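Take a look at the structure below.
Residue numbers (the working numbering): 139 to 774.
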């Protein structure tokens, strides 16, 4: 066994800094400001500015022809799988299917220019489509969704499209402000458990938004708390109006897709690395049947309707509706960035390449802003599509060019072929696509055993979303998550530690049998920053320990788990030290980092806690205390 043997003198903080020549670098504010200006001036030369804002100019000239096969296959596969989902999620948002196709064409190409991830695929995403659809439903002046383009009406003139494109622009501008102010750190508070609980709750809203389409019944718009219960109540009252043909087609599609994905896909994967596009197969078959059997004319089955061919004309979003969509845009922008960046990080780690966080938020912002002028829905990265890029060995975002080219051909020339596609088929595709998000609920028991706090974050996020609505649920979840962070700082873990059997390692004395309590020294560890919000806890714990055992001569404050301290924290430390001194107990500081020591000095704490009472490590403090006790005994 490898051994550690170190023999040295006991070192207080002064001895440690003198012996090992500590150099405290102090830079004036003006010098630091000049250095930052010079650094940023060098960094933001014209060429650097252009290549930073458009990373494609860096990697595209170095593109290798050997990459083309993998990129092309991945792009084509994503396009084939994306076409039915894009149309389905557009219907979920309450806009014509062609908007989903535009969103699968423009944003991937724009992200290719500005983004730094090689694998993420921007486009339609179920949760964002639901949140967008909620905004569209609330602000729309009529009670009917505009899934089809009315005869003689331009797409850009439809109210639903105007709401969606204005929302897309607002989201882009919110992200731009976040990028300028460097406040994208807010997304760090959207933990994995919060996102999982939120998406699991959103699944129920997505599901209930599709059930009326499967049964072909019309329900009034509902908003506010217990929204799903109200929808279920109205749905039960409309069951007698079910369109049997729509229901039969939907059930057949759901059963086929479920069985295919659960049982046929694993078998097919053994022989072919490419996923089978079962959704596209369903779309083709049901479109043919709808044309042959005239589902719309004879059986009153709602269909996609007209898909305009040709390149969409740019148009300006409605600025007069900007203030209406802004509150929702802020929430959706945070979700889009959090989801997209987490997906980008996942594959950057997997494939070991750098990711520029600042450029990512700029890329997503520019993508939303520019896409809003082309009748696009808010775009978000999809884990499933990005995973296909990863699995098929994509090297660059050239795969986006291939994917967008196929979708371009669809809305330019092929669109009219799917105009008879039943809307209930798109609803069925969405329902089956929700399964992975439903399965997140299986992780709850494991999460409960692992971390009660993370379990509560998941549960609050899930219940807030299910019982209220998606935006409100996310707000509740974010507020609760912040409260857990504050609570863990305000009520931190404190414990008495003791040396474990001459190892010089100090651990919780209650949990280690061989942790030997020192009869002369109490060692107290405070495992949090010592700030204004928890100074009362610190003082209360010091008082409690002092009252429990006032026979000891030294009280060591173990600061190894204390990353920082503020003015009130220093005052609390001084107050505790003075209180102990009045009872003939000397307070020692051990293992404090440079920031804590600097704050103690700045606040004049060394007038009460001398520098020779601060030690480089806990063991130095304890050994010093033991030696002082022996000297005291010998003197007596």
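In this text, a Cβ means the ideal position worked out from N, Cα and C, and glycines have one as well. Computed from a predicted model, the values in this text were never measured in an experiment.
Inset, instruction - In the DSSP assignment, find the unbroken alpha helix (DSSP H) run with residue 445 in it and report its ends. - result: Within the chain shown, numbered from 1, the residue matching residue 445 stands at position 307. Taken as a continuous stretch (DSSP letters only), residue 445 belongs to no alpha helix (DSSP H), as it is neither H nor E.
Legend entry - Contact set for residue 337: own chain, Cβ-Cβ below 6 Å, skip 5 residues either direction: The sequence position of residue 337 within the chain shown is 199, counting from 1. Only 265, 575 meet the Cβ criterion.
Inset, instruction - Using the Cα positions of residue 630 and residue 665, report the straight-line distance between them to the nearest angstrom. - result: For the purposes of this step, residue 630 is identified with residue 492 of the chain shown, where counting begins at 1. For the purposes of this step, residue 665 is identified with residue 527 of the chain shown, where counting begins at 1. Those two C-alpha atoms are separated by around 6 Å.
Legend entry - Simplified DSSP assignment, three categories, for residue 560: Numbered from its first residue, the chain shown carries residue 560 at position 422. In the structure shown, residue 560 sits in a strand (DSSP, three-state: E or B).
Inset, instruction - Could you have a look at residue 726 and say whether DSSP puts it in helix, strand or coil? - result: In the chain shown, residue 726 corresponds to position 588, counting from 1. Note: residue 726 maps to strand in three-state DSSP.
Legend entry - Beta-carbon proximity check, residue 474 vs residue 502, cutoff 9 Å: As a working note, residue 474 is residue 336 in the chain shown. As a working note, residue 502 is residue 364 in the chain shown. Yes, they are a contact pair.
Legend entry - Sub-9 Å separation of residue 387 and residue 433 beta-carbons: Residue numbering aside, residue 387 sits at position 249 when the chain shown is read from its first letter. Residue numbering aside, residue 433 sits at position 295 when the chain shown is read from its first letter. Yes, Cβ-Cβ distance for residue 387 and residue 433 is below 9 Å.
Legend entry - Residue span of the beta strand (DSSP E) that contains residue 778, given as start and end: Outside the modelled stretch of the chain, which goes from 139 to 774, sits residue 778, for which no answer is possible.
Inset, instruction - Please confirm whether residue 314 and residue 469 have their CB atoms less than 9 Å apart. - result: Counted from its first residue, the chain shown places residue 314 at position 176. Counted from its first residue, the chain shown places residue 469 at position 331. No.
Legend entry - Span separating the alpha-carbon of residue 612 from that of residue 601: Residue 612 sits at position 474 when you count from the first residue of the chain shown. Residue 601 sits at position 463 when you count from the first residue of the chain shown. One C-alpha to the other measures close to 10 Å.
Legend entry - Spatial neighbours of residue 530 in its chain, beta-carbon cut-off 8 Å, leaving aside the 5 residues before and after: To locate residue 530, count along the chain shown from 1; it is residue 392. Only 208, 211, 212, 215, 411, 412 meet the Cβ criterion.
Legend entry - Meets three-Cβ-pair contact criterion under 8 Å: the segment 670 to 683 and the segment 622 to 637: yes
Inset, instruction - Could you please give the first and the last residue of the uninterrupted beta strand (DSSP E) stretch that includes residue 646? - result: Within the chain shown, numbered from 1, the residue matching residue 646 stands at position 508. It spans 644 to 646 - the beta strand (DSSP E) in which residue 646 sits, taken as one unbroken run.
Legend entry - Straight-line Cα distance separating residue 497 from residue 326: Counted from its first residue, the chain shown places residue 326 at position 188. Counted from its first residue, the chain shown places residue 497 at position 359. In a straight line, the C-alpha of residue 326 is about 16 Å away from that of residue 497.
Legend entry - Cβ neighbour criterion (16 or more within 10 Å) applied to residue 362: If you number the chain shown from 1, residue 362 lands on position 224. Residue 362 is exposed by the Cβ-count criterion.
Legend entry - Segment limits, beta strand (DSSP E) that includes residue 692: In the chain shown, counting from the first residue as 1, residue 692 sits at position 554. That run of the beta strand (DSSP E) goes 692 to 696.
Legend entry - Contact set for residue 653: own chain, Cβ-Cβ below 6 Å, skip 5 residues either direction: Here the question's residue 653 lines up with position 515 in the chain shown. So the list reads 636, 638, 645, 647, once near-sequence residues are dropped.
Legend entry - Boundaries (first-last residue) of the beta strand (DSSP E) holding residue 631: Residue mapping note: residue 631 aligns to position 493 of the chain shown, counting from 1. Start and end: 631 to 638.
Legend entry - Contacts around residue 256, its chain only, beta-carbon distance under 6 Å, and the 5 residues preceding and following it disregarded: Here the question's residue 256 lines up with position 118 in the chain shown. If we look at residue 256 and ignore the five residues flanking it on each side, its Cβ neighbours are 534.
Legend entry - Reduced DSSP secondary structure (H/G/I, E/B, other) of residue 651: If you number the chain shown from 1, residue 651 lands on position 513. Residue state, collapsed to three classes: coil.
Inset, instruction - Excluding the 5 residues preceding and the 5 following residue 622 in the sequence, name in chain order all residues of the same chain whose CB lies nearer than 6 Å to its CB. - result: Start at 1 with the first residue of the chain shown, and residue 622 comes out as number 484. Closer than 6 Å at Cβ, skipping near neighbours: 591.
Inset, instruction - Report the partner residues of residue 187 according to the DSSP bridge assignment. - result: Locating residue 187 in the chain shown gives position 49, counting from the first residue. Partner(s): none; residue 187 has no beta bridge.
Legend entry - Spatial distance of residue 383 from residue 348 (CA atoms): Taking the first residue of the chain shown as 1, we reach residue 383 at position 245. Taking the first residue of the chain shown as 1, we reach residue 348 at position 210. Straight-line Cα distance between these residues: approximately 16 Å.
Legend entry - residue 253 (DSSP reduced to helix, strand or coil): Mapped onto the chain shown, residue 253 falls at position 115. Correct three-state label for residue 253: coil.
Inset, instruction - Might you give, ordered along the chain, the residues of its own chain that have their beta carbon closer than 7 Å to the beta carbon of residue 750, omitting 5 neighbours on each side? - result: Reading the chain shown from its first residue, position 612 is the one you call residue 750. Excluding positions up to five away in sequence, the list reads 150, 152.
Legend entry - Nearest candidate by alpha-carbon position, reference residue 450, set 278, 238, 219, 697: If you number the chain shown from 1, residue 450 lands on position 312. Of the candidates 278, 238, 219, 697, the one whose C-alpha sits nearest the C-alpha of residue 450 is 238.
Inset, instruction - Entirely within the segment 408 to 494 and at least 4 residues each: give me those alpha helix (DSSP H) ranges in chain order. - result: 416 to 431, 433 to 437, 460 to 489
Legend entry - Given 8 Å, three or more beta-carbon pairs between the segment 391 to 399 and the segment 362 to 373: no
Inset, instruction - Spatial neighbours of residue 479 within its chain, please: CB distance less than 6 Å, with the 5 preceding and 5 following residues excluded, ordered by chain position. - result: Here residue 479 corresponds to residue number 341 of the chain shown, with the count starting at 1. Closer than 6 Å at the Cβ level, and outside the excluded window around residue 479, lie 498.
Inset, instruction - Compare the C-alpha of residue 416 against each of 564, 358, 280 and name the closest. - result: As a working mapping, residue 416 is identified with position 278 in the chain shown. Residue 416 has its Cα closest to that of 564, out of 564, 358, 280.
Legend entry - N-terminal and C-terminal residue of the alpha helix (DSSP H) that residue 327 is part of: Along the chain shown, read from residue 1 onward, the residue named residue 327 stands at position 189. Premise fails: residue 327 is in no alpha helix (DSSP H) and is neither H nor E.
Inset, instruction - Determine, using beta carbons only, whether residue 242 and residue 220 come nearer to each other than 9 Å. - result: Locating residue 242 in the chain shown gives position 104, where the first residue counts as 1. Locating residue 220 in the chain shown gives position 82, where the first residue counts as 1. Contact flag set, yes.
Inset, instruction - Answer yes or no: do residue 455 and residue 510 have a C-beta to C-beta separation smaller than 9 Å? - result: Here residue 455 corresponds to residue number 317 of the chain shown, with the count starting at 1. Here residue 510 corresponds to residue number 372 of the chain shown, with the count starting at 1. Yes, the pair counts as a contact, with Cβ atoms nearer than the cut-off.
Inset, instruction - Could you tell me which of 453, 160, 206, 640 sits nearest to residue 294, measuring between CA atoms? - result: As a first step, residue 294 is located in the chain shown; it is residue number 156 there, counting from the start. Among 453, 160, 206, 640, the Cα nearest to that of residue 294 belongs to 453.
Legend entry - Within 9 Å, strictly: CB atoms of residue 698 and residue 737: On the chain shown, residue 698 is found 560 positions in, with the first residue counted as 1. On the chain shown, residue 737 is found 599 positions in, with the first residue counted as 1. Taking 9 Å as the Cβ cut-off, residue 698 and residue 737 do not qualify as a contacting pair.
Legend entry - Which of helix, strand or coil DSSP assigns to residue 530: Reading the chain shown from its first residue, position 392 is the one you call residue 530. Residue state, collapsed to three classes: coil.
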